[in-house]
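2 protein chains.
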Amino acid sequence: MSGFAARPLLSRLLRGLTHPQVNPARLLSLARPVLSFKDVSSYSLRSHTCGELRAVHAGEDVKLCGWVQFQRKQLFVTLRDSYGVIQLVLPQDKNHADIKQMLAHLPTESVVCVQGVVQLRPIGEANKTMCTGDVEVAVSKVEMVNKSKTLPFQIRDFFQVNEHLRLKHRYLDLRGSQLQHNLRLRSQVIMKMREFLINTHGFVDVETPTLFRRTPGGAREFVVPSREKGKFFCLPQSPQQFKQLLMVGGVDRYFQIAKCYRDEDLRQDRQPEFTQVDVEMSFVDQRGVEQLIEELLQHAWPDGKGTLNLPFPRMPYKDAMEKYGSDKPDTRFGMELHDVSDIMRSSGVTVFERLLKDSPGNSVQAVNVKQAALHMKNKDVEKLQESSKQTQPKVSYQHGFKGLSVLSVLPGGEVKGPMAKHIGAPCRNALLQELQAEEGDMLLLAGGEHLKTCELLGRIRIECANILETFGVQLRDQDVFNFLWITDFPLFLPKEDGSGWESAHHPFTSPHPDDTDLVFSHPYKVRSQHYDLVLNGSEIAGGSIRIHDAELQRYILEEVLKEDAAVLHHLLEALQSGCPPHGGIAIGLDRLMAILCKAASIRDVIAFPKSHAGHDPMSGAPSPLTDAELQPFHVRVQPESS
Amino acid sequence: MSGFAARPLLSRLLRGLTHPQVNPARLLSLARPVLSFKDVSSYSLRSHTCGELRAVHAGEDVKLCGWVQFQRKQLFVTLRDSYGVIQLVLPQDKNHADIKQMLAHLPTESVVCVQGVVQLRPIGEANKTMCTGDVEVAVSKVEMVNKSKTLPFQIRDFFQVNEHLRLKHRYLDLRGSQLQHNLRLRSQVIMKMREFLINTHGFVDVETPTLFRRTPGGAREFVVPSREKGKFFCLPQSPQQFKQLLMVGGVDRYFQIAKCYRDEDLRQDRQPEFTQVDVEMSFVDQRGVEQLIEELLQHAWPDGKGTLNLPFPRMPYKDAMEKYGSDKPDTRFGMELHDVSDIMRSSGVTVFERLLKDSPGNSVQAVNVKQAALHMKNKDVEKLQESSKQTQPKVSYQHGFKGLSVLSVLPGGEVKGPMAKHIGAPCRNALLQELQAEEGDMLLLAGGEHLKTCELLGRIRIECANILETFGVQLRDQDVFNFLWITDFPLFLPKEDGSGWESAHHPFTSPHPDDTDLVFSHPYKVRSQHYDLVLNGSEIAGGSIRIHDAELQRYILEEVLKEDAAVLHHLLEALQSGCPPHGGIAIGLDRLMAILCKAASIRDVIAFPKSHAGHDPMSGAPSPLTDAELQPFHVRVQPESS
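Sequences listed follow chains A and B, in order.
Here our numbering = 1-based position in the first sequence + 5.
Here our numbering = 1-based position in the second sequence + 5.
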C-alpha cells in the first residue's frame, strides 16, 4: 500500500480535479486557488475520494480507500468513504479471479484499498441519483485492509436503531451521513466564527483553566480532588471570572470556544460538558456586543440556510413575558397572550372575579388557539389541564380553580365549555373580540399572580403548538430562523424561599445605567444590562455588561445578595486595579448547531455525547474505582451507613 | 461615554488608517482588504487605538480609551492601551482646568476615555523611539472610568517581580508587553494551523469528551466523582481513544486543539492541564503524517522567525542515543558522544578494562567539551561529577568507579586528571585523535551498560552547555530552530522492576511493518512506527501509526503487556468493525510556543498557569470543601488515621 503516494496539490489543482464541489471553470477564475478549497486526499494513500469522480476523470488510474457498502451479482461493488460512493466494476477474466473473489465476498463495512481506471458507464446505465453515477472504476488491484465482523446495526438504517445501541457503538453511528454532516458543519461554522473574530476583528483566542476554585453558589460544579489532602479543584461552569480578569489584564478582545461543565439534570437535553463561544470586550456598550454577535452569526451562517437580516429585533423582558409568557419566545408563530383582566373583572366567573379583587398583582390571561377545536380531542385538552396543574402555586390553582378554563368557539359566536354557562354575553363578546376569535378556535384562560400566569400560558402555548403539529398543522417552520434579543431583565429576583434576593443571572451583571441609584434603595426595581439572544424559542446566547466598579460589586455581593465576598477577593482587587468597562456574551454552540442541523437533540451534534442518564454506554463511564486508586487523592467513597 | 460610537469599518479602511502595521500604499493594492487585516476598534467606544496614531491622522478628532501610564509636569500624560502608547497634551487654559486637574493627578493605571485632536508634535520634539512619536493628542474631553489603587508592582518593571506575586496578581502581569506578545502570538499560530488543516486540507475540528472512563495504567489521571455513588469519571491525558474511534467512524481527517490533563510532578515545567494540537488521519503512512506536520509548521511559522526548510532531518532512536545520549537531542551544538570502548579496552585504566570485559553490553563513551578547561572551575567539574552520580546504577558507578573521568588537554597533547597517570601513550593519542582534542579541551569519559552510559553522557553534555553559557560561550542560538524527527523507537521496554514488558509509548502503537513477526517471537527487538519531533532539544510532538488489527491489538495487550483487555473492550470491538489504517500525532503547543517566545517556562505562554506547586495563587485553588459540599458526590476526605 505504500506505493499509494500522495499527488502534489498544485498539479491536481491545475487539472481542476480535486474537489467534487469545485467546478473547474470556477476554479480557473480564482485568484488564489490554493487556499480556496480543500484537498482532502493530501498526505494520504488515496489519489481521489470516492465521492469526487466524474466523467472528466475517465481514463485516469486512481487509488481509492473505503468501506464495502454493497455487492451486486459478483459484478459490482459500491465503495464508500466519507465523501461519497462510487461503483467498482469487478474484473471477470480468469487472471483476476482473486480480485473478484475477494471483493464479491467480503463482509460489508470491510475496508479495502483499490486501484483501477475510471471509465464512463455504458450508455443508458448512468445513475442520475448518484453524484458519481456517470462513471465507474474498473478494479485492477485490491488490498483487503480490514475485514469487518457482522455489525450490530446497518450503517444505512441507523435512524431506526434505538439510541442506547447507537451510543454504545458510537463509532458506527458516526459513519452515517447525518452525523457526518452535523460534525463537519459544526467544524465549518466554528471556523467561520474564528475567521470573523480573529482575522477581521482582532480578537485573541485565549485558553482559560478548567481546574479552578469552587465559586460561591457553584452547587452544580464537578469537584476534582487534588493530591493535597482535603483540597479540591472544581470544573467551572464558564470562564466568567477569567474573561473578566483578562479585561483587567489588557487582553481587550478575548474569545474562546470554551468547554464548560455543569453537573445537572440531563433530561432537558443538556450535557455535563458543553461548549460555548465565549466572548468579552473592553470599552464596549450593550449595543456594541449585540452588533458584534449579529455580524458574527451573519458571517458564520452556513450556505443554504438563508441570509440573516440585521439588526435582529429586540424585546424587553417584560414585553416578552406578557406577550409570549416566556423570556425565550418562539416568534415563528402567533397565539400571543392577551391580558383579559378588565374583561373578566365582572364576568360572572367567580374565581376570576375573586382573584382579581384579591390582589392588584393578579391578572387573567388568555390565548386563542386558532382552529384547535377542529383538531384537538378531549384527551389533548386533558393533557393541557394536567400540565397546567404542574405549574407554580401562585397561579389560580391555589384559589381552588383547577387549571385552565377552556372555551370552544361555536358557530354564531356561541362558546362551549365548563365556564360557558357562567359567562355573561357582554363579557363573552368582549372576549371574542379581544382574541379575534372565530368558529373552531379554542380559548384558554388562566388567572393568578401576573407573571406566573403569563408563564403558565406561555408553556401551554408551546404545548398547543406541539399537539397541533402532530395533527399536521405546521406552525413552526424549521427553515425559518427567528432571532430575537431579550433585554432589560430584572437584576435581582426574590429567592424561592422568600429569604432575600438572588441574581437573575450572575452577580457580575451591571445594572442598567438609568437604574444604578435604585440598587441602593429599591433593588427589585433595577433592570440589568443583561441580554439574551433567542432563536426559534431557544436561548442560544446570553451576556451582559459587567460591573467594573469595585465598590458597587462589593455592595451587591455583601449587602444585596448577602454572600461572602472573601472568596471573590481576587476579583474585587482586580476591579480596583484599573479595570476597564467591559461586557461580553456566550453562545451555546451545541444548541445553535442542533437548530441549524434540525437535530432533535444536542446529542446529535456532539461526537461522543453522554446519554440521558449521564453515562457513556460505549466505555462504561463513569466507573467504579478501588480504594487504592482513590488513595492518592485522600478521598474514599462514603460508607453505606452515612 | 455612549457617544463614542464605533466607526464603520469600510470608511476607515478606505482612509487606510486602521491598523498601525498596515502601510496605506500596500492597503490599496490588496484585492480583498476587508479580510486582510484587523479592525481592532470595531464595536467599541474608541475610534482608534493608542498605538496606531501617525502623522497622517493630524487634524482628526479621535476617541481613545486606555490606562494612564505616566504623567509629566502637568503638561503631558502617556496613555496606554493593548496596542501601544500615545502622548496626551493637557489643556492649559482655565476653561479646561478640570481636565488638566484630573489627568495630571490620577493614579497611574487608572482607566480613562479621552477625546481630542491629533496634532503633529512641534519641530524637534518628535520621539523617534515611539511608534506614535510624531504626534500627540490635545485633549478636549475626558471621562475618568476607573481609578486605580496603588498596585503591588509596576507594570513596566514586572520582570523583576517574583513569580508568586506575579501569579497572585496575574491580571496585572498580563498587562506587560511580554505576556501580551506571547498570548497574541499563540492565538495567531493556532489560527494559522487551523487555516492550514481545515481550509486547505479538509480536516474536521471535533471536540472529544474530557469526562471519560479511567484508562488502564492511567495512574496520573485526575478523578471526578459523579453523583452516582462510587462511580467516577477521569480527565483523560489525551484524546487518544476518541481519535482512533473517530477514524473507525469515518471522520477520516480529525484535529483538535485539545485540553489534556496529567496529575504529575510540576517541577519539570509542566502543568496539570496542557494543550496539544491533536491530529489523526485514516489511510496514511508514517511519512504522510510527518509531511503533514512539516508543512503545517511551515505554514504556521510566525513572521520574523526565519523560514523552515523541509523536509526536517530524521534520525533513528538508536543513532540519537549513541550520538547525543538522548532521544531528544539538541542539535544546535556539537559535543557528540564517541564510543571509545576499543581504545579503552587495553588502556591501562583498570575500571574501564574490567567493565568492558564483564559484558559485551557495556561500553565506554567520551565527550570532548571544547575549550572547557579555559572556563570551567573545579567546582563546575565537581558539579558534573555530583550530577553523574545521580544516574541509574547500570552505569560505571556500580563498578566502584565514582562518576566521570575527566581529562584536561594540556599543551603538546599531554593530559591532566585523576586517570592521566594510568593511561598509556598509545591510548592517550588514540583518544585525542578520536575526539579531535586540542589544548584547552576537556574530555569526559564514562563506562557501563551501553545505553545508560550514553544517556549519562547525554545529560552531562547538556549540563556542560549550561555551564559554558554562564561563562558567555554561546552554544545554543535562540534564533535557530533545529527540528529533527526521531524514528524507529523500540515498541516495548523492559519494566523498571524487570517483571515484563511495557509499551515504550502506548499500547496502540503499531509495530514497524518489517518487524511484525517479531512481536510474537522477540518482542524486545521490535521497532515501532512511533515518531517524535524534536525542536532544539525539546520533544514538541509525538505520534505513531496505530494498530488497526483487532487480533494484533489483543495479543499485545494480553500476551505481551499482560494487561486486562476487558476495559478496552469497546476499542477492540471497534477495530473489528471496519477500522481503516490510521495514524496521527500530537504537538505540545505550550512547549512549542515557549520556544518560539524564548520563554523560560511554559507558564509564560499560558494566560492563567498553575504555580510550581500546582496552585493558583490568585484564587487559592485548590481549596478545602466541606462535608456538605462533598455529600452529593458520596465521597469524603480520608480520616487522619488511615
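A virtual CB, placed ideally from N, CA and C, is assigned to each residue, including glycine.
- Each of B:Val356, B:Ser351, B:Glu444 was checked against the Cα of alanine 430 (chain B), and the nearest Cα belongs to B:Ser351.
- Three or more beta-carbon pairs drawn from the segment 486–504 of chain B and the segment 319–331 of chain B are found closer than 8 Å, and the two stretches are therefore classed as touching.
- When the five nearest sequence neighbours on each side are left out, the beta carbons in the same chain lying within less than 6 Å of the beta carbon of lysine 152 (chain B) are those of Ser115, in order along the chain.
- The C-alpha of leucine 250 (chain A) is placed about 10 Å away from the C-alpha of leucine 577 (chain A).
- Closer than 9 Å to the CB of serine 192 (chain A) there is at least one CB belonging to chain B.
- Beta-bridge partners of aspartate 283 (chain A) (DSSP): A:Gln261, A:Ala591.
- According to the DSSP assignment, glutamate 168 (chain A) belongs to the alpha helix (DSSP H) that extends over 168–173.
- Under a 10 Å Cβ-count criterion, leucine 473 (chain A) is classified as buried, with 16 or more other Cβ atoms of the shown protein chains found around its own Cβ.
- Partner residues in the beta bridge of tyrosine 266 (chain B), as assigned by DSSP, are B:Glu278.
- Proline 495 (chain A) is a Cβ neighbour of tyrosine 529 (chain A), given a cutoff of 9 Å.
- By the rule that beta-carbons nearer than 9 Å mark a contact, glutamine 246 (chain B) touches chain A.
- When 8 Å is used as the limit between beta carbons, asparagine 151 (chain A) is near these residues of chain B: His553, Asp554, Leu580, Gly583, Cys584, Pro585, Pro586, in chain order.
- Residue environment for leucine 461 (chain B): buried (at least 16 other C-beta atoms within 10 angstroms of its C-beta).
- Lysine 154 (chain B) and valine 211 (chain A) have their C-alpha atoms roughly 27 Å apart.
- One thing to note: tyrosine 176 (chain A) has its Cβ within 9 Å of the Cβ of serine 582 (chain B).
- For a Cβ distance threshold of 8 Å, nothing in chain B lies close to isoleucine 607 (chain A): the least Cβ distance comes to about 12 Å.
- In the three-state scheme derived from DSSP, where H, G and I count as helix and E and B as strand, cysteine 602 (chain A) is classed as coil.
- In the DSSP assignment, glutamate 148 (chain B) falls within the beta strand (DSSP E) that extends over 140–151.
- When secondary structure is reduced to three states using DSSP, histidine 343 (chain B) falls in the strand class.
- By a beta-carbon distance limit of 8 Å, serine 543 (chain A) does not contact isoleucine 465 (chain A). Their separation comes to about 18 Å.
- Taking 9 Å as the CB threshold, proline 316 (chain B) stays off the interface with chain A.
- Counting C-beta pairs closer than 8 Å gives three or more between the segment 554–569 of chain A and the segment 508–521 of chain A, which meets the contact rule.
- Leaving aside the five residues that flank glutamine 441 (chain B) on each side, the residues in its chain whose CB is nearer than 8 Å to its CB run, in chain order, Asn373.
- Counting only runs of 3 or more residues that sit fully inside the segment 540–584 of chain A, the beta strand (DSSP E) segments are 543–550, in chain order.
- Beta-bridge partners assigned by DSSP to threonine 83 (chain B): B:Phe75, B:Gln92.
- With a contact defined as Cβ atoms closer than 8 Å, aspartate 520 (chain B) and arginine 532 (chain B) qualify at about 5 Å.
- The C-alpha of leucine 480 (chain A) is placed about 15 Å away from the C-alpha of methionine 381 (chain A).
- The alpha-carbon separation between lysine 133 (chain A) and glycine 477 (chain A) amounts to approximately 32 Å.
- In this structure lysine 615 (chain A) touches leucine 271 (chain A) by the C-beta definition: roughly 7 Å separates them, less than 8 Å.
- Where proline 499 (chain A) is concerned, there is no enclosing alpha helix (DSSP H), although the beta strand (DSSP E) around it starts and stops at 497–499.
- Setting aside the 5 residues that flank it on each side, lysine 421 (chain A) is surrounded in the same chain by Ser413, Leu415, each with a C-beta closer than 6 Å to its C-beta; the list follows chain order.
- When the beta-carbon positions are compared, isoleucine 607 (chain A) and arginine 596 (chain A) come within less than 9 Å of each other.
- For glutamate 299 (chain B), the enclosing alpha helix (DSSP H) starts and ends at 291–305.
- The beta carbon of methionine 135 (chain A) sits closer than 7 Å to those of Val90, all from its chain and outside the five residues before and after it, given in chain order.
- By the Cβ-count criterion, asparagine 187 (chain B) is buried, with 16 or more other Cβ atoms from all chains shown falling within 10 Å of its own Cβ.
- Listed in chain order, the non-local C-beta contacts of asparagine 367 (chain B) below 7 Å within the same chain comprise Leu360, Leu361, Gly452, Gly453, Glu454, His455, local neighbours out to five positions each way being set aside.
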